[in-house]
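Presented below is the structure to which this report refers.
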Amino acid sequence: MCQFVETIRIKDGVAMNTRYHIERLNKTRNHFWPSSKPISESELLTDIPQVMGLQKARVVYDASGITLREYHAYTIRDVKSICVVEDNRIDYTWKSTDRKVLTAQRDKAPKYDEVIIIKNGKVTDTSYTNLCFYDGQHWLTPDTPLLKGTMRQHLLDEGKIIASPITKKDIASFEKVALINAMMDLGDLILPISSIDFTPLRI
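Add 1270 to the 1-based position in the sequence shown for the working numbering, that's all there is to it.
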């Protein structure tokens, strides 16, 4: 049976952006199992550890409902070098526990800390985050992400980022790139565009 996952940021014992997570969870369940009963926001997390600092909640679910909740301390991974990878067949529309299609991208570039995945000439995501690019005035996020992340949607709703078509050729015109996901807000991990190697690796 397919299993899916939500990764939720817990800051000082408080869960962040839970509305976005429960919306995606129920949308996923309705897509794969239309007769499944919606899960309420109050059911999403239980017994959150009341500790200071940043924690990662991992919630696994399937047709039967939530099957696993686990909490771990979280540290942002150090990323200093990125390369461009091209894969026109990749698909990760739903946040599955099976991440083989994503890890395969990163595994093809072992000399780099992370990859930017290009699909049909369009910028999508890294192997574990959405992307935002700074043009000197605004933060733009590709309108062709592999996965529509919860932090990305939150930032769009707040007007802090703008969705825009971004091609591989466009990347060099930006000043900075930010990696964002459920655990990383805009500004938590920013690199200069010079950290990106544009020599494409095809998978």
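By construction, the Cβ of each residue, glycine as well, lies at the ideal position given by its N, Cα and C atoms.
In the DSSP assignment, the alpha helix (DSSP H) including residue i goes from what residue to what residue?
i	result
N1296	T1288 to F1302
S1312	E1311 to L1314
L1417	That residue, L1417, is in no alpha helix (DSSP H); it is neither H nor E in DSSP.
T1411	No alpha helix (DSSP H) holds T1411; the beta strand (DSSP E) holding it covers W1409 to P1412.
V1371	K1370 to D1377
Within its chain, find whatever has a CB closer than 7 angstroms to the CB of residue i; leave out the 5 residues flanking it on each side and keep chain order.
i	result
K1430	W1409 and L1456
N1451	Y1398, T1399, N1400, G1419 and M1421
T1373	S1397
W1303	A1333
D1395	I1387, L1401, P1415, L1416 and L1417
Going by DSSP, what residue range makes up the beta strand (DSSP E) through residue i?
i	result
R1339	G1335 to A1343
K1389	E1384 to K1389
R1328	L1324 to D1332
A1433	I1432 to S1434
A1448	K1446 to I1450
K1281	F1274 to K1281
L1461	I1460 to P1462
Let me make sure I understand the geometry here. Which of the options has the alpha-carbon closest to that of residue i?
i	options	result
L1401	A1442, Y1382 and I1460	I1460
S1434	F1403, K1297 and G1323	F1403
I1292	G1283, Q1407, Q1320 and L1315	L1315
K1389	R1347, K1439 and V1284	K1439
D1317	V1371, R1299, H1424 and A1285	A1285
G1391	I1463, V1355, D1348 and K1365	V1355
E1311	R1289, R1294 and N1300	R1289
V1385	D1458, T1469 and K1365	T1469
What is the rounded straight-line gap between the Cα of residue i and the Cα of residue j?
i	j	result
R1339	T1414	30 angstroms
E1445	E1276	31 angstroms
D1467	I1387	12 angstroms
S1334	S1306	8 angstroms
K1281	G1323	6 angstroms
D1377	L1416	18 angstroms
T1298	P1412	22 angstroms
G1406	D1383	25 angstroms
K1381	A1442	21 angstroms
T1437	I1346	27 angstroms
Near residue i, which residues of its chain fall below 8 angstroms by C-beta distance, leaving aside the five closest residues on each side in sequence?
i	result
N1287	I1278, R1279, T1420, M1421, H1424 and A1452
I'd like to confirm something about residue i: is its beta-carbon nearer than 7 angstroms to some heavy atom of the ligand GTP, or not?
i	result
V1371	The model depicted lacks the ligand GTP and carries no ligand whatsoever.
Quiz item: Given 8 angstroms as the limit, is there contact between the segment 1353-1364 and the segment 1324-1338, that is, 3 or more CB pairs closer than that?
Solution: no
Quiz item: Is the segment 1340-1348 touching the segment 1312-1328, taking contact as three or more C-beta pairs under 8 angstroms?
Solution: yes
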